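Protein chains in written order, with my numbering: chain C, 276 to 519; chain G, 16 to 402; chain B, -2 to 230; chain D, 69 to 350; chain L, 6 to 358.
For every residue, glycine included, the Cβ atom is placed at its ideal position computed from N, Cα and C.
All values derive from a computational prediction rather than experimental measurement.
Here is the structure we will look at.
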Amino acid sequence: MSLLEIDGLSKTFGGLQALRDVSISVDEGEILGVIGANGAGKTTLFNCITGAFPPSAGRVHLDGKDITGARMHVLAQHGLVRTFQLMRPFGTMTALENVTIAVQSRGVRPERKARDEAMEVLLRTGLEGWAGNVSGSLPTAVQKRLELARALAMRPRVLLLDEVLAGLVPAERAPVLELLAELRKNDGVTMVFIEHIMAAVRQLSDRVVMMDQGAVLAEGDVDEVLADPRVISAYLGKEYGDAA
Amino acid sequence: AVTGGGSGGGDVEEIVIGALHPLSGANAVDGQQMSYAAQMAVDEVNDAGGIACLDGATLKLEAADTKGEPETGQSEATRLIQEGAAALVGSFQSGTSANIAAVAERNGVPFVMDVSALDSILQQDYTYSFRIQPSGGMMGERGATFLDEIVKEAGAEVDTIGYLYEQGNYGASVYEAFAAEAAELGMNVTPAISYDPASSDLSTQVQQALAEGADVLAVSGYYRDGLLISQAISSIAPDLQAVFGVANGGYDQQQFTVDAPNGGEGYLNANYQIDVTNERSMAVADAFEEGFGEPMRTSAALTYDAVSVIAEGLEQGCSADTVELRDAIAATEYEPIVVNDGPVKFDKTGQNENATVSVVQVQGGKILTVYPTDVAEADFVFPAPVK
Amino acid sequence: MLLEVENIRSGYHGLEILHEITLHVDPGEIVAVVGANGAGKSTLLKTIVGETKQFGGAVRYQDKTISFGGSHQVARQGLMLVPEHRALFGTLTVEENLQMGSWARREREGFTEQEIMELFPILDERRAQYAETMSGGQQQMLAIARALMGAPKLLLLDEPSTGLSPKLTWDVFHAVKAIRERGVSVLIVEQNARQVLDLADRAYVLESGSVALDGDAKELAADERVQAAYLGG
Amino acid sequence: MQALTTGFLTGGIYSLIAMGLTLVYGVLHIINFANGAMVALAMYITYAVVSGLGIHPYMALLITVPVMFIIGALLQTTLLNPIMRAPIHTQLLITIGVALGIENILLLVFGPNPLSVRLPGNQGIHFLGATVELSRIYAFIGALVLVAALWVLLRKTRIGTAIRSVAANPEGARLIGINVKRIYVLTFGLGAAAAGAAGTFVATFTTIEPTAGAVFNLTAFVVVVLGGMGNVPGALVGGLIVGLTEQLGGLILPGQSPLLAVFVVFLVVLFAKPQGIFGRAS
Amino acid sequence: MTTASIRRPEPPTATGAIIANRTNSSHRRWNWILLGLVAVAGISLPFILPAAELSVAMRVIIYALMGIGWNLMSGFGGMFSFGHAAYFGIGAYTTAFLLVDVGLSPWVGMLFGVIFAAGAAVGISYLALRYKLKGAYFALATFAFAEMLRLFVTGNKALNGSVGFTVPVIRGDTWGMFQFSAGSPIYFWIGTVFLIIALLITMFFLRSRAGRFTIAVRDDEMAAAAIGIPVLRHKLIVAGLSGGITALAGTLYLQFYMFIDPEIAFGHAASNNAIVTAVVGGVGTLWGPLVGAIIVAPLSDLATTALRNAPEWLSFLSGQSGLDVVIYAIILIVCVLVLPKGIVGTFLSRRRK
Ligand SMILES: Nc1ncnc2c1ncn2[C@@H]1O[C@H](COP(=O)(O)OP(=O)(O)OP(=O)(O)O)[C@@H](O)[C@H]1O
Ligand SMILES: Nc1ncnc2c1ncn2[C@@H]1O[C@H](COP(=O)(O)OP(=O)(O)OP(=O)(O)O)[C@@H](O)[C@H]1O
Ligand SMILES: [Mg+2]
Ligand SMILES: [Mg+2]
């Protein structure tokens, strides 16, 4: 039985059909990459899974339990945690406070203990030096990593990552990729990640789903999907095919 | 309690009277007139040699702006008392007066209300508050009586009275008293329509009030809404014998004859008024107009009377001590410049028991007192259909 | 020299982000600026157009000095920035966005509307669509097209490929080439160092608010320090 | 019938007054608490012009509209432009200050006596079983003309598109060469000019007092929200809804303020369509 | 080609975390010191101030309570309320009704007032949030609720309609009935206690987990939900606290002025005062509302007094009604233009540098 089961999910905004009958299942401990052109509905898929807004049709099961339309904070408490494509730090708080809050929301008391744990997460994500800085004016890359740190502080079982690498230069991507690999290995975290950077998709994912205009166009092994002519024409472009 | 004035002996040189009026805000027109009238009354006493029995002690007026807000009224009243006011006059808005009355009571300083119709202010068992003008209830009741008498004298027949009143407490209390009295006198008040004085159009309400074929339309409201009603009436052009204001704040203003359609010709209003048959009243009114540049409103005349009552109390009681002054005012009888059934005399709640109204009518662009006959300057016209 | 930046210092709320940066752009050039996140690339572009306050130094465009708050004036002189977050008029249609782009055009020669539509055919199809309902990639095209409508002499692009699919990234870089072929100079900031160094004539590497390296783009691409930090992975 | 007709015409007046409010909110995102006071100011200008020069009241539009435009532009330049980035409550506070200032300056200059402006030839006419004054019908037509004029300005002219651009994204507008502050000034000026036109029309059938505009503040807010904030034709429809609700509400709930019915409708609409009746979900 | 080495972005201060903790605890110490100062001032002021100024001092306290209430919901909770008159009015009216018509002590009335106002705040906010109202729409919805209450009370006979309530006068001091002789310093002392309680509530709230969560929700709702914080619950908690504190101001107002009517209680002037106080002092700061109240509450009196005792060459100005309000308005505008973040807000952001 798969851990996260998405079944026939659809979402319309006014006249726009952002998701059409999307069915995906993710096994425990698996890393699933999601690719697709801009506007394909990838972020919307995350939004519907995590209860940011209810899907128009379809069901989502986590661990066999129907979680369709459950509220985001409840899901987070059950270990279904996401990051945001556009960073959303608590801008008036320091980096440390941002993470401490996440630890506290798991019920960790007293504050000192929560702060110590948060500091560990910052160390792990290489953010320890920024702990005391107000998060709103941190550089984009740091905010990006803070986004990840905050999610990790929730000790997720399933982590939904929305373009965590976008905006990082290659040298900065490597440690993040390492961290994610390690998370799977040591903590057995299941991950679904949206990414436009193919190198990362190749390196990290066990399986890839390609979305186009709200629907799943291709699914399967990374190399298979990236070699699919439909994927090349809709997403990668022929130059990519040439270059590869 | 803090006492104002001096030590109550005869060695007082200057006695402070605090005047609290809305010098700004929506009712500043009246407030400014009233403040001026208070000064006039004070000047008159001083010019005549001050308070004789207190060795010619002079009066000093401290005017304060309530802005029409109860809390400002309260803090200004407190300040005036702290600065030694022996008595207060004021204040126009009932809410503000109620508040000042509480302050006066707690400080033991007499407070003479000029204008403020709300019946309940004097139903708190206060001992330091007095009121010159008739209460809302008194005005409604008298209004009905006088209307009935005018109709009878004119030999006309009025069965149905449509009634429009502003929904606030003033409109409602006047209307209720009027309706009760009218019922006794055998007139039908139906329908009675209340309205929001802040509305910008009242034609619907006017039409409703006329729905049962009213012979007379009675109106209790303020200036602005009164004017809107007159405009609606003139555009609907109903078949009315008369429009009869009951304690109406608009239909006895000179400005109304300028603003209203057709100069408001024929409009009647039963309200407290300056006594135009009294020479002293007219002298005061003339002096006022000369000094202030505008005709004296009745509200200002009431302030003049209120200050004069205090002066009278000082003279009678021979003391500026607030407690003694209170007793003196309670016992005073004073001939006012407004129409009154005899001298101003306070009952035990502090209400001027002789307070009454008279009926005015717009005739030839002038506002003339027409009833009761003994204070009238002209004959009433009835029926007086308006256009 | 079209644009000359001399020892510029700037930042936010009194905190200095850029330390004495000097660079220039000649007519007809594509100049790239690469650098890590937070290096101050966007700040540099914003400072050039006068959106962000200079603490010291000077920016000269066509030999005229640009000062803080002058962005609408410099746009009229043909210096246009397409910012990181595009700043489109979301509640206006594509057509209206383009129409507004020519606000500052004056008498300058430049792309005609028709030429722009040829460059970005998708926009022609979507003339009546509200800008905010376009997908990320389309919005990026529109933002560039809108700037081109103003007939710029120098176009500043801030990370035009961020968040775009590989295919759209190619499209955008093609467009940049086409723009240069029309004689418009381009100063482009990019994360995508490999592609941009391929495209550019010269490049600057920005680090912590200072220029760490500069020179010919191809040479920089071959530099091992650059390769390690920006081209690896 | 009377209620319907009156409601309709009153609604026109409300939308007339709300027009400037909605424009200013739409572009500047400022809740202009001083809108009512500006209407009052325009009424006094109308009065001064009519009684001073003896011209027809509607001719006063030629003066109130440009004068109010200038006043609005000055207010924006001096008071609001410096704080355009401040949070909404800070801007609100400035407009509260402006409202207090205008109302009390009027009191100082013109004194507290209510004034009025007479419209020559104004009379009641019968119309669909109801009686209405001509001046109100003219005001209604004025509202229609104003809506049409603003709509054409915003939708069909280059400067109008520029105004909408600034509303949509000030930074983007600046980057393509639009002088954003000047557009702000222009817009606030237009808002004030709309208040000016409203003031002149309303002056012909109501008494002129410093607080005469403020009594419309509440309803104007409601109208603006109903119509969708920043939506000019929406303000017209919102105005009509409020006018009708108020009149009919007065019939249904006698004794209660008719405004109560208006607020009930207001909340119902707000909850059903948070962006106003014509608001586009974003 | 220059030859500087290539580095990864480094934080400006490697010891950021330690600094953050230090400033935090020094903040806390300052808060206690200031609170002590408030207490000392509260006790001693009646002995220093002339009695006439005591009513101004009372107004400072009432404004401060309203500002603190508003600030909790709008400054820390991020929900811009334009209708705080509703809670102020509920506090005053509940007390007045229970006192005059039922004969209950104002202390009891106060308790009910606080409970009702908190309930109303929760209810109103729930409705507005449930339907996803934001920013100006949320503000106008709260405004509409306050107006509806005003109109409802105005038209309601059982609540004395537009007349309002007058507190029956009792001679002498009675703690039980919360009434003391006019000008008694006890009012001020009680007010000071209320003020300190409100400040303590704010302080402890901000320090508590719930408070931290609320700030997180204000900074970014979606992100807060994503890390498991129940957004709606925290918004409602802070709205309730806010309503309750504002109701305290209502009761205090009633007992001090001994009169309430619908316009005072529910009119938009009350909402405005709460906002003005907080904005002038500094929105989203602990001490902002109190500082704002100290400036704003006496302002109109100062303007009036200044005109009353105008110097010779300005004497033509005195007696001009409305002028004092104009001056008040000008001072207010200048205040906001010069310090858009408010007094405390500006002070804090200066110090941060
Ligand atoms: N709240 C919303 N209201 C209306 N339309 C929306 C909303 N959210 C997303 N959309 C639309 O749904 C479609 C899918 O958007 P989505 O954000 O899921 O794309 P994406 O695949 O994440 O793209 P990108 O790679 O650019 O982030 C787009 O056309 C977008 O405009
Ligand atoms: N509006 C702002 N207020 C305060 N600090 C800011 C602001 N914008 C940027 N910064 C800070 O300035 C520094 C440089 O930011 P800038 O956006 O210029 O970097 P960048 O090189 O463009 O990075 P990225 O690749 O992430 O876009 C960062 O530390 C950032 O936190
Ligand atoms: Mg996305
Ligand atoms: Mg950048």
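Any non-hydrogen atom of ligand 1 closer than 7 Å to residue i Cβ
i: G160(B); result: yes
i: G347(L); result: no
i: Q270(G); result: no
i: N277(L); result: no
i: S331(C); result: no
i: G311(C); result: yes
i: F289(D); result: no
DSSP state of residue i mapped onto helix, strand, coil
i: E29(G); result: strand
i: L77(D); result: helix
i: S373(G); result: strand
i: P212(G); result: coil
i: V330(L); result: helix
i: D198(B); result: coil
i: E106(B); result: coil
i: T100(L); result: helix
i: V130(G); result: coil
i: Q288(G); result: coil
i: V31(B); result: strand
Residues bridged to residue i (per DSSP)
i: M485(C); result: I310(C), A493(C)
i: S285(C); result: A332(C)
i: R57(B); result: E1(B), T62(B)
i: Y9(B); result: L12(B)
i: N367(G); result: F361(G)
Nearest-angstrom beta carbon gap, residue j and residue i [assumed within contact, 8 Å]
i: L133(G); j: Y185(G); result: 7 Å
i: I417(G); j: T313(G); result: Chain G is shown from 16 up to 402; residue 417(G) falls before or after that span and cannot be answered.
i: G264(D); j: V133(D); result: 5 Å
i: V309(C); j: A490(C); result: 13 Å between Cβ atoms; not a contact.
i: A203(L); j: I73(L); result: 5 Å
i: I248(G); j: V221(G); result: 6 Å
i: V261(G); j: A285(G); result: 6 Å
Rounded separation between residue i and residue j - CA only
i: G286(L); j: L295(L); result: 7 Å
i: V288(L); j: L147(D); result: 20 Å
i: K240(L); j: G128(L); result: 11 Å
i: P125(D); j: D320(G); result: 42 Å
i: L312(L); j: H273(L); result: 27 Å
i: I325(G); j: G357(G); result: 18 Å
Check: residue i C-beta below 7 Å from any heavy atom of ligand 2
i: T358(C); result: no
i: G37(B); result: yes
i: S412(C); result: yes
i: A303(D); result: no
i: Y252(D); result: no
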